[in-house]
Structure formats: structure tokens, C-alpha cells
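Residue numbers (this note's numbering), protein chains in the order written: chain A, 707 to 1030; chain B, 707 to 1030.
So, in C-alpha cells, the structure goes:
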């Protein structure tokens, strides 16, 4: 086995830079190259290569981490790269995962590669928690709460409105609901009962605040089903307090075992920077993909198919000694 | 594949009965037999068989769940049963896991069986969390807190003291320390800073309370390194409030990613009944062991070697659709 696992990054936005930092923190991983459609515009610690030239790197990369967008890039890039490289991605359009899996699986099998799709924290770590907890507690109720954190999709939706110069949207679990769930209640919840949506908007000079607020609060699919609050702030306040990308949330399962005893399990994440944490998850899973591929595994897989010991830099013997 | 996975239980104490209840809650598992050294004394929903006759059941049991004590039963039973059956156990003497693993591995390989050791919640689910979190966040600090919950070992140690009729010991995380850790501090902690030990003692009539309290608080290995509180109570109060077996705790990891952002992950359990929850974990892992053995895997393994998707009654396709 090589001393270092050679990682390639495709797409150099926030997530790609998060992966780069995670690789730098991992002694057994090295960044071999960054692939991008705009090679002249970016700087990295590794060689920056036009994405069309990736074929030249088939013998120089062990695992390619795909950091493009789930809507715009991965539907095409996922299968394309899976035919040529082992890959890891964070495809996060939950409803389209089965179809995406099939396409990546066919491509990866064709190339003799292993491709992990939908890694990260949700899907990813939260998927692990949902499956683990509900397998242990049959008939239990599982909830996923997100936040407090920045939702990129919702922020973009607000930014597109006329009269909006800049905006950010925070998703926040409803505190009273969280308290009920942690106390062991298992209600059916509407979206409104589960999350609040809080927007900070920098308006264009002279924009109609009431019109903006109404447009946000009535936006179907994004805000209409939620309790939404809109705050108008200055550009200075935005720059000072709202440029970070914190996120997090939790998966919580409450069930009863045979004697009627209530049992509760929870996985909680509190992240100061979402893309850096997601990048760290992808880097650890790249290590696992490399090892499983060396053992002969090919095709597409999800985090549910990967033993957690494969994520660790330590050997199984060391893990049993120190971590079990 | 059979419609039901046939489970055997070896040892019918609290844990064995917890496994029985978990199997009853799982439509794809059925309890084939309970094996015990005292067959005349117990009643179960399944046939009760003297443990010496287990050899007759080699074709009638898919996975044997070993529910004996880690100190007294498993060191002998683990390798013995691994030679004849697929097994799952909850061997929890952390320091002896490597040696136990080797012995079970040799026996399981010899019999062509698969044996999962050290399952349950700690070791078990907490081992998964320690490995997962520290693999994602290299250089991070991971803490394990237990409680509030009943420690059987500490309760037994108190009960053995002269003048003690009945006793229970609760392990409780130190609230101020928990608060510091959740806020993101990463101190080095002594045992005293991490957990309190609270004892409820029913004294024999005329017993010397001061002598009992001193004997508890100075007991090396169990109490001397902790802040310990001793409450003397009546037999009635004990029966009313202290016969349950609640437990729980959490694994929490705080680390920084490349940009200096603090990232925190936590797995938390809150259990009204420890043996029933542990039994439920073992039952889910029995499902995984059955499947992996059918795929040809043999020898000893730990929870770190098992993909979490194998725990679920659902197929991989269903899981990708509903849970990822």
C-alpha cells in the first residue's frame, strides 16, 4: 500500500477548498491536483488543471473528490468521473439519490472503480444515524432537525428577489418542539412546527421593504410553509455578522423496548463552518474508498455500505486497542 | 435467504431477557432457543435447553447471542461458541479486547463462523462514534461521559461491604464540565472532574453509617478518585425509587478544521433500561452477522467492521430511497 493516498479535487468552490484543508490535516492523504473549468482564476497548494485534461491523471490519482453542485454539476460529472476514477461526492438531492446511484453504479462498474455517492453530513452522517437508530429501535420515531445554520438554497432564493442586494437565511429548530422531542414525546410534526426561517436582508436603496418581506414569506416551497422572520440590515452589519457558514443539527430517535421503557439516541453536530466540515467528511471517506477498492470492491455505494473502521488512519489492531 | 433469522440466546439474566424482547419486536428475527446452566429455573417464550446440549442445535440456529458476564462467562464461552455458531457478544472489558478478539477469531475461523465481539453501546455504539468523529476531525479531542445511570460493578462493590443490605450506585457527569465541553473547550480532565458517584445504601439494622461511608469513599479503583456522595435510605425507599436500570451518556468530539473553525459532533443516549437497549443493539447486529456470514465473511470482528446498512431490516434499495 502507498504511504499516501493521492487525492484529486474537482471543483474549487467552498467545498473544494474545505476538502483541500482537510487533506492538509491528514498525514496519509496528499493533494495531487485540483481540476476546474476556470484554471486561470484559482490558486491552490496543488497543480491546477483544466478539467478536460483529467484523463492524463488516471495513474496519478487514487480517489477523485467531486465538489460540484448537486443540481448543476454532479448529474453529469458523477457518472463521467466514476468511469475513470474512484470517486467520492456529496450528492444531496435526496429524492434523486436512487436514480443517481444507478447511473454512477453502471459507470463505476464499467471502469472497475468504486464510487461513494451522497457523503457529507446530510446525506452522510445523518443517514448513518437514521439507519443505525431505527434498526436498533424498531417502531421508533426518528426526527431530523437542521440548524441553527445557513441554508444556501434559501439564501439564494431571497437574493434573487427584486430590491434585494444581499441576503442570508438561517434555519433554526423551533425550541419548544426540540424540548418536547428531547423529553421523549413522539408527535407528528408539520414543517412549521419543526423549523423557523430567519432572513437578514440588505435592501437596495429605495426598495420597498414591505414588498420584499411579503415576497419572501409567501414564496412557495421555500418559506410559505414556515414561520419566517425578515430583518432588514445595513451592508456593514451584513459584512460584520452574516458572512460565516455555520450549520449543524441533529437526528433524534425515541422508541420503546419490550418492557415499555423509553430509549433515546441522538447524533448532534455543531459546525462553525459547514463546507470545511463537509470537506473533512469527504476526505475521511476517500480513505475508505481507496482501501475498499484495493480489496476489490467496485460500483456505487453509500455511507451505509462502508464499515466505519475504514475511515480511520489507524489499523484495525490499533483501533481495537484504543477506540473500541 | 430464510424469511426469519433464527436466534439463540446463551445466558438468561437481564441481558438475555433484553435480547428476547428485542427479537420479539423484530419481524425478521425469531427466537429458536434459550441455553442456560439452570434450565429448570427459568421460563421463556422459546424452548429452554441445557447449555451442554447446544451442539444439537447447530443446524437450527443462525446466530447465537452470548449474554453471559464478561469477567466470568465470555472468556470461556466466546471461543467455545464461536467454533460452532455465528455469535454476537457484548464483551466489555476494554483492556482485554485485543486478546479476546484473537482467541475468538481463531475459533471462529476454525469453525467457518463469523463472531462479532464487544457490541452493545459502550463498547459498541460509542466505539463507532469515537472512530467516526476522530477520523473526520484529525487532532480533535474526544470525551466519553457516562450517566446518569446505574453502574452494576460499582453497585456490587458497595453491596459487598459489611453492614450494607442493599445498594445502588449512579454515575453522573459533572454538570459544569459537561457545559465547558459543549461550549467547545478541550481540557485534560481527571476522573474527578468528569464524573460524580452517588450511592444509595440500605444499611443493616445497627450498622455504623460512618464506617460504611468511609469504606465507600476510600475504595481504590472504584470511588477514591471521585467525588462520592452516600445517602442512607430505607428498604421501602430503595424498592420504590432505585430498582430501575437507567443509563446513557455521550461521546463528544471537538476539533478545528483548517480555517480554525471549531466543529463539534456528539452521540448521546438516554436509556430508561440499559439491558433492554443493549439487547436491542445485539439483536440488530445479529441480523448483520447473519448476512455477512452468508456473503462469506468469517472470523472475529467488531462493530467497526460492519457497514451500518447491514443492521437494517430494509434492503439497500429501500434504504437509499427512504433513509439516505
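Built from N, CA and C at the ideal position, the CB exists for glycine as well.
Legend entry - Cross-chain neighbours of residue 730(B) in chain A, by beta carbon under 8 Å: 964
Inset, instruction - For the beta strand (DSSP E) holding residue 978(B), just list the boundary residues, first then last. - result: Element bounds for residue 978(B): n/a, residue is neither H nor E.
Legend entry - alpha helix (DSSP H) segment containing residue 859(A), residue limits: 858-865
Legend entry - Test item: CB-CB of residue 841(A) and residue 990(B) under 8 Å: yes
Legend entry - Same chain, Cβ closer than 7 Å to residue 1015(A), five either side skipped, listed in chain order: 1022 and 1025
Inset, instruction - Give the range of the alpha helix (DSSP H) segment to which residue 725(A) is assigned. - result: 720-730
Legend entry - residue 813(B) versus 1028(B), 1006(B), 901(B) and 864(B), residue with shortest Cα-Cα distance: 1006(B)
Inset, instruction - Run the CB neighbour count on residue 749(B), radius 10 Å, all protein chains shown included, and call it buried at 16 or more, exposed below. - result: exposed
Legend entry - Under 8 Å between C-beta atoms of residue 767(A) and residue 816(A): no
Legend entry - Beta-carbon separation (whole angstroms), residue 772(B) vs residue 742(B), contact threshold 8 Å: Wrong, their Cβ atoms sit about 12 Å apart, outside the cutoff.
Inset, instruction - Return the chain-ordered list of same chain residues with a C-beta closer than 6 Å to the C-beta of residue 972(B), the five sequence neighbours on each side being excluded. - result: 956 and 958
Inset, instruction - Evaluate the contact criterion for the region 828-844 of chain B versus the region 862-872 of chain B: three or more CB pairs, one atom per stretch, below 8 Å. - result: no
Legend entry - 8 Å Cβ cutoff met for residue 948(A) and residue 996(A): no
Inset, instruction - Give a yes or no on whether the minimum CB-CB distance between residue 973(A) and chain B is below 8 Å. - result: yes
Legend entry - Distance between residue 985(B) and residue 721(B) (C-alpha atoms, nearest Å): 6 Å
Inset, instruction - State yes or no: is the beta carbon of residue 763(B) nearer than 8 Å to at least one beta carbon in chain A? - result: no
Inset, instruction - Please confirm if residue 946(A) has its CB atom under 8 Å from at least one CB of chain E. - result: Of the chains in the structure shown, none is chain E; the protein chains are A and B.
Inset, instruction - Would you kindly work out how many angstroms separate the C-alpha atoms of residue 887(B) and residue 848(B), rounded to a whole number? - result: 10 Å
Legend entry - Closer than 7 Å at the beta carbon, the chain B residues around residue 969(A): 977, 978 and 983
Legend entry - Proximal residues of chain A, C-beta to C-beta of residue 807(B) below 7 Å: 1026
Inset, instruction - Name, going along the chain, the residues of the region 997-1009 of chain B whose beta-carbon falls closer than 8 Å to a beta-carbon of chain A. - result: 1008 and 1009
Inset, instruction - Note down, in chain order, every chain A residue with its Cβ under 8 Å from the Cβ of residue 1017(B). - result: 837, 838, 841 and 842
Legend entry - Start-end ranges of the alpha helix (DSSP H) lying completely within the region 762-846 of chain A, minimum 4 residues: 780-788, 803-817 and 831-842
Legend entry - Segment limits, beta strand (DSSP E) that includes residue 872(A): 870-879
Legend entry - Closer than 8 Å at the beta carbon, the chain A residues around residue 845(B): 731
Legend entry - Straight-line Cα distance separating residue 930(B) from residue 915(B): 18 Å
Inset, instruction - Taking only the alpha-carbon atoms, compute the straight-line gap between residue 853(A) and residue 940(A) and give it to the nearest angstrom. - result: 24 Å
Inset, instruction - Give the residues of chain A in contact with residue 1012(B), contact being defined as C-beta atoms less than 7 Å apart. - result: 1013
Legend entry - Residues from the region 776-806 of chain B in contact with chain A, defined by Cβ distance under 8 Å: 800, 803 and 804
Legend entry - Minimum Cβ-Cβ distance from residue 995(B) to chain A less than 8 Å: no
Inset, instruction - Please report the Cβ distance between residue 737(A) and residue 711(A), rounded to the nearest whole angstrom; I am assuming they are in contact, meaning their Cβ atoms lie under 8 Å. - result: Going by Cβ atoms, the distance from residue 737(A) to residue 711(A) rounds to 10 Å, so no, they are not a contact pair.
Legend entry - Presumed contact (8 Å Cβ cut-off) between residue 936(B) and residue 910(B), rounded CB distance: Going by Cβ atoms, the distance from residue 936(B) to residue 910(B) rounds to 15 Å, so no, they are not a contact pair.
Legend entry - Residue environment, residue 875(B), which counts as buried when at least 16 other CB atoms sit within 10 Å: buried
Inset, instruction - Could you tell me which chain A residues have their CB closer than 7 Å to the CB of residue 834(B), listed as they occur along the chain? - result: 1014
Legend entry - beta strand (DSSP E) runs contained entirely in the region 916-953 of chain B, provided each spans 3 or more residues: 933-938
Inset, instruction - Use the C-beta contact count for residue 979(A): other C-beta atoms within 10 angstroms, 16 or more gives buried, fewer gives exposed. - result: buried
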